[in-house]
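The structure appears right after this line, and notes come after that.
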Amino acid sequence: MAPRRKLAAGNWKMNGLSANLSEVEALMAAHPAPGCDVLLCPPATLLHRLAQTCAGHALAAGGQDCHAAGNGAHTGDTSAEMLLEAGAAYVILGHSERRADHGESNAEVRAKSVAAIEAGLAAVICVGETLAERESTRTLEVIREQLAGSLPGQISGDTVVVAYEPVWAIGSGLTPTLEQIAEVHDFIRAELSRGFGEDAGDAVRLLYGGSVKPSNASEIFAVSNVDGALVGGASLKAADFSAIITALEAA
Ligand code: PGA
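Per the numbering used here, residue 57 is the first one in the sequence shown, and the count goes up by one each step.
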């Protein structure tokens, strides 16, 4: 079994204008040949330019969402093929902000993931419990339901990445304990192996996301079954994201 290649993924959310491409240039200069996979997911308006900026460098570009349909009357939406043509290699799907702000269900996330993979993108599928769910000790049950409902029928290390993002840890500065992260990541690994077979379950990369920053990255990357991070706020500044990449390279 080939070792899983680690992945540092940045989610810029609704942040970033052309001036912010200088952060991408600084990041590439700091990591001319990164020792892990590096992905940046800018807003759709910057995707093509960011992909052009990264041309010839290992840094990959990704979208933050796509529609499940290939084309059609869906004002404001973007298809997976459009993201691919703009230069994306990945797309984040089912982020808790999409689930909360746009009412995305597990079934919709699954349909999007099927469309993304068919178009040739790798799907970064997000799962995670709310604070109320954690406090009522429903975390693993919620994660199991989200995995069962959101993942496509087939998965592989090339087509799917799973990001565990506790909703209460996103943008809050709060993080679960390392034991809590280990418990959920080990659980996700076991669920994937149970549902998709050991080879596929073992090949899929599991990212932790939620208030990852330079000061906590190393300890999180040392946790079992953590293959990288999905980073929001700290991916906007090259210096911060660079420190996280360096921590992942060393893990
Ligand atoms: P954060 O966001 O790193 O700003 O907490 C993570 C995410 O939502 O992907």
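The beta-carbon is built from N, C-alpha and C at its ideal position, and this holds for glycine as well.
Do you know offhand how far S291's Cα is from G265's?
12 Å
According to DSSP, is G257 part of a helix, a strand, or is it coil?
helix
To the nearest whole angstrom, what separates the beta carbons of T131 and C122, a pair I think is in contact under 8 Å?
Actually they are not in contact, since the Cβ atoms of T131 and C122 sit about 15 Å apart, beyond 8 Å.
When you compare each of S271, F297, D258 and A295 to V282 by their alpha carbons, which one comes out closest?
D258
Under DSSP, the alpha helix (DSSP H) around C110 begins and ends at which residues?
A100 to C110
Is the CB-CB distance between I199 and I244 below 8 Å?
yes
Inter-stretch contact (C-beta, 8 Å, three-pair minimum) for the stretch 145-152 and the stretch 161-181:
yes
Contact set for A82: own chain, Cβ-Cβ below 7 Å, skip 5 residues either direction:
A294
To test your reading of the DSSP string, which unbroken alpha helix (DSSP H) runs of 4 or more residues are found completely within the stretch 159-208?
162-175, 187-191 and 195-206
Assign A58 to one of three DSSP states: helix, strand, or coil.
coil
Can you tell which of K269, G289 and G288 has its C-alpha closest to the C-alpha of R304?
Checking the displayed sequence, the identity of residue 304 turns out to be Leu instead of Arg. Cα-wise, what sits closest to L304 is K269.
For A256 versus S212, is the C-beta distance shorter than 8 Å?
yes
Would you check whether ligand 1 has a heavy atom nearer than 7 Å to the C-beta of A278?
no
Grouping DSSP H, G and I as helix and E and B as strand, with all else coil, what is L230?
coil
Taking the continuous beta strand (DSSP E) assigned at A116, which residues delimit it?
A116 to G119
Could you tell me the alpha carbon to alpha carbon distance between H113 and A125, rounded to whole angstroms?
31 Å
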